[in-house]
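Notes to accompany the following structure.
Okay, here's the thing in structure tokens:
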């Protein structure tokens, strides 16, 4: 679960035979059907320690603690899912390891930059 935001439905039980999984998985989660990833809503976060929903729009703001230099605030608009916020490739808006700058990889989702970086 490191660096991910999970989305589950606590009012249903999709796994009645498994006493450790007393929840449901929303059918519109972005990784439903991928083994071990059904619950994932967003990923690429290092240490999301606070988050808040805008009460008017439903947008999500995520405070993510960086590794060495930067802290960041990430944004996920209401209705968006499957976001990759870039951790371990990026810290804030900079490459995490400048000696090995990020490069595009086939099949990888686009990294979403933070809306605010400080540190």
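Residue numbers (the numbering used here): 3 to 121.
Here a beta-carbon is modelled for each residue, glycine too, at the ideal position from N, C-alpha and C.
C-alpha distance - residue i paired with residue j, whole-angstrom precision
{"i": "residue 43", "j": "residue 90", "result": "18 Å"}
{"i": "residue 96", "j": "residue 21", "result": "43 Å"}
{"i": "residue 122", "j": "residue 61", "result": "The chain is shown from 3 up to 121; residue 122 falls before or after that span and cannot be answered."}
{"i": "residue 59", "j": "residue 83", "result": "15 Å"}
{"i": "residue 86", "j": "residue 34", "result": "16 Å"}
Close beta carbons around residue i, own chain, < 8 Å, minus the five adjacent residues each side
{"i": "residue 11", "result": "25, 26, 27 and 28"}
{"i": "residue 1", "result": "In the structure as shown, the chain begins at 3 and stops at 121. Residue 1 is therefore absent and cannot be evaluated."}
{"i": "residue 73", "result": "65, 66, 67, 94, 119, 120 and 121"}
For residue i, the nearest candidate out of the options (CA to CA)
{"i": "residue 70", "options": "14, 20, 6 and 119", "result": "119"}
{"i": "residue 79", "options": "14, 6 and 117", "result": "117"}
{"i": "residue 113", "options": "94, 88 and 99", "result": "88"}
{"i": "residue 47", "options": "30, 33, 18 and 77", "result": "77"}
{"i": "residue 40", "options": "8, 75, 56 and 100", "result": "8"}
Backbone secondary structure at residue i - three-state DSSP
{"i": "residue 66", "result": "strand"}
{"i": "residue 7", "result": "strand"}
{"i": "residue 18", "result": "coil"}
{"i": "residue 12", "result": "coil"}
For residue i: DSSP bridge partner residues
{"i": "residue 52", "result": "65"}
{"i": "residue 77", "result": "63"}
{"i": "residue 86", "result": "45 and 113"}
{"i": "residue 35", "result": "Paired residues: none, contrary to the question."}
Neighbourhood of residue i by C-beta distance below 6 Å, restricted to the same chain and skipping five residues each side
{"i": "residue 52", "result": "65"}
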